[in-house]
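Report on the structure given below.
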Amino acid sequence: EHLQTQKLLIPARACVQYTFPQIFFYKPNLWWPNGMGKQSLYNINISVDVKGYGESDLWSHLFGFRKIESHIDKATGGRLFKVNGQPIFIRGGNWIVSDGLLRLSKKRYKTDIKFHADMNLNMIRCWGGGLAERPEFYHYCDIYGLLVWQEFWITGDVDGRGVPVSNPDGPLDHDLFMLCARDTVKLLRNHSSLALWVGGNEQVPPEDINKALKDDLKLHPFFYNSNGI
Amino acid sequence: AEIGKTKLDSGWLAARSTEVQLTGTQLTTTHPPAGPTAPWMDAVVPGTVIGGLIDSVLATLVKNKVVPDPFYGLENETIIDIADSGREYYTFWFFTTFHCKLSGTQHLDLNFRGINYSAEVYLNGHKTILPKGMFRRHSLNVTDTLHPDGQNLLAVLVHPPDHPGTIPPDGGQGGDHEIGKDVTTQYVEGWDWIAPIRDRNTGIWDEVSISVTGPVKIIDPHLVSSLFDNYKRVYLHATTELENRSALAAECSLNIQVTMELEGGVCLV
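Written out as structure tokens, the structure reads:
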């Protein structure tokens with residue numbers, strides 16, 4: 001029941017967006033953060049066959065069914081996270097980069113991230129002065145159950161609050177910032193471990209960028225009623 | 230050619246741009262580098278000019294003992310900073326070859342998942358600009374510029390960030406903050422416990438690949454789950470972009486399959 005085929009006619013030299021009819025699962029295995037349960041992941045394969053040609057392209061991704069929500073808790077003033085409806089006490093670690101000279105490799109990411117899980121942490125915060133981390137980083141966070149708080153590339157020290165005060169309006173090219181942010185979201189958005197996008201480190205991005213990020217990243221209205229009983 | 234992605238992560242050469250008198254067109258047609266002979270050296274991509282494991286240049290320079298490894302002692306102090314050397318010094322050529330023979334209606338994309346900070350790509354003499362920005366992917370449809378014999382020559386000239394900045398004598402968070410003017414990582418002028426990165430991590434810092442498709446290409450699928458009745462009733466929503474690159478309308482069958490790997494290699498479909 002988890003195999004679906006749809007017919008589609010795509011005009012010559014056209015780019016279209018297509019949404020499959022939603023696929024129903026009864027009591028699927030859920031993805032849980034480290035220490036709360038298993039990190040169940042499903043292989044999702046999407047392929048397109050063209051009449052008269054055969055298989056034209058294919059794509060696959062490991063996907064976990066989970067619901068992550070967070071809000072500022074009035075009692076504590078802190079951000080309270082829930083996963084699949086269960087409040088979670090965040091035990092997090094700061095992440096700058098795996099290596100200052102970007103010596104990045106799957107093996108290195110696996111070792112670094114398993115180390116965090118072995119230390120019984122359940123969140124990694126990717127600092128805004130570092131990188132938008134790579135799919136390999138997120139893959140192992142999916143595997144080992146590390147939630148990810150991913151900041152964009154704004155820091156207080158460099159953007160408007162440092163000594164000397166500089167770049168109060170962030171980078172020179174705001175359109176380029178948003179193009180990079182949108183492309184990064186598309187690169188990372190299917191990872192179960194991705195828990196929170198944050199504008200920057202110790203600084204709110206310039207007003208236009210912050211507004212655009214909030215608009216782009218708010219939950220689609222269709223999903224507001226999700227998790228209704 | 231088989232449908233799917235192939236990483237280009239071996240057989241790369243690198244050279245400082247100021248030491249190469251040839252153009253990208255010449256490098257990828259009449260005068261390709263013969264091998265790791267000066268000014269060319271072995272390099273592996275992805276990586277940055279200075280650092281990277283699987284890297285292009287400074288790692289290679291370190292390997293070839295041209296400069297000391299910046300990770301030990303105060304060796305980083307002995308590597309000239311881009312503020313003193315100028316941007317050209319860390320503007321590098323990367324060169325490789327790859328084999329790919331397409332059949333009739335197949336297409337080939339050349340993909341860069343991360344370039345810091347901008348680049349010019351030459352493939353078999355054809356030039357394409359990769360615009361600025363460290364955190365953006367580039368995907369070039371190179372179908373029409375492939376060699377009929379399947380042997381292709383690729384050269385990439387990578388330029389550093391526009392505002393690499395200058396490290397004040399007393400260091401400080403993010404140096405003189407100039408790097409913040411660009412859309413790139415900000416720690417590279419130095420931070421808390423991080424020494425300044427001399428090339429500001431210029432380079433092909435993430436994966437390079439080629440991907441073969443038929444007439445229709447799948448682009449950036451988006452997977453979302455919605456959960457009801459206390460997580461008993463769950464739906465998977467999948468949206469994808471599709472591009473038909475042929476001159477004819479394409480009658481497609483779109484398939485989505487969800488499998489769960491259970492213990493012992495048993496699959497639940």
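Going down the list, the protein sequences come from chains A and B. Count the first sequence with this note's numbering and you get residues 1 to 229, in order. Count the second sequence with this note's numbering and you get residues 230 to 498, in order. Glycine included, C-beta positions come from ideal geometry on N, C-alpha and C.
Inter-segment contact for the segment 411-421 of chain B and the segment 319-331 of chain B is absent: fewer than three beta-carbon pairs are separated by less than 8 Å. A/D157 is a Cβ neighbour of B/Q402, given a cutoff of 7 Å. In this chain, the beta strand (DSSP E) harbouring A/Y42 covers 42-50.
Under a criterion of Cβ atoms nearer than 9 Å, no residue of chain B is adjacent to A/V148; the nearest Cβ is some 16 Å distant.
Contact residues of the segment 92-115 of chain A toward chain B are I96, V97, D99, G100, L101, L102, R103, L104, S105, R108 (C-beta to C-beta distance below 9 Å). A check of alpha carbon separations from B/A263 across B/D449, B/R342, B/V371, B/A243 identifies B/A243 as the nearest. Buried is the label assigned to B/Q415, since at least 16 other Cβ atoms lie within 10 Å of its Cβ. Taking a Cβ-Cβ cut-off of 8 Å, the neighbours of B/C481 in chain A comprise K7, L8, L9, I10, V48, D49, V50, K51, S56, given in sequence order. Along the segment 350-366 of chain B, going in chain order, the ones with a CB nearer than 9 Å to a CB of chain A are P360, K361, G362, M363, F364, R365, R366.
With 16 or more neighbouring CB atoms inside 10 Å of its own CB, A/E136 falls in the buried class. A/P168 is classed as exposed because its beta carbon has fewer than 16 other beta carbons within 10 Å across all chains shown. Annotation for A/H174: the continuous alpha helix (DSSP H) segment containing it runs 174-188. B/H392 sits in coil when the DSSP states are folded into three classes, being neither helix nor strand. Here the alpha carbon of B/R245 sits roughly 12 Å from the alpha carbon of B/F324.
Per the DSSP secondary-structure output, A/F24 pairs in a beta bridge with B/Y464. Against chain B, the CB of A/F25 has a partner CB under 7 Å away; the residue lies at that interface. When the five nearest sequence neighbours on each side are left out, the beta carbons in the same chain lying within less than 8 Å of the beta carbon of A/V50 are those of S56, in order along the chain. Not one beta carbon of chain A lies nearer than 7 Å to the beta carbon of B/M270. The beta carbons of B/I311 and B/P299 sit no closer together than 7 Å. Residues of the same chain with a CB within less than 6 Å of the CB of A/S192, apart from the 5 flanking positions on each side, are W31, G64, R66, D142 in chain order.
Residues of the same chain with a CB within less than 6 Å of the CB of A/N45, apart from the 5 flanking positions on each side, are S60 in chain order. Below the 9 Å Cβ cutoff, chain B contributes no neighbours of A/C141, its closest Cβ being approximately 16 Å away.
From the listed residues A/I209, A/P164, A/F152, the smallest Cα separation to B/T413 is found for A/F152. For A/N29, same chain residues with a beta-carbon under 6 Å away, outside a window of 5 residues either side, are S40 in chain order. In this chain, the beta strand (DSSP E) harbouring A/C15 covers 15-19. DSSP, read as helix, strand or coil, puts A/T111 in helix.
A/W59 reaches chain B at I447, P450, T469, counting residues in chain order whose Cβ is nearer than 8 Å.
For the segment 295-325 of chain B, the continuous alpha helix (DSSP H) assignments of 4+ residues that do not extend past its boundaries occur at 311-314, in sequence order. The beta carbon of B/H466 sits closer than 7 Å to some beta carbon of chain A. A/C126 has a beta carbon lying at 7 Å or more from every beta carbon in chain B.
As a beta-bridge residue in DSSP terms, B/A348 pairs with B/L359, B/V387. The DSSP-derived three-state label of B/T266 is coil. Here the C-alpha atom of B/R316 lies approximately 18 Å from the C-alpha atom of B/P268.
Neighbours of B/N370 in chain A, taken as residues whose beta carbon is under 7 Å from its own, are absent, since the nearest beta carbon is some 11 Å off. With contact defined as three or more Cβ pairs closer than 8 Å, the segment 114-130 of chain A and the segment 383-401 of chain B are not in contact.
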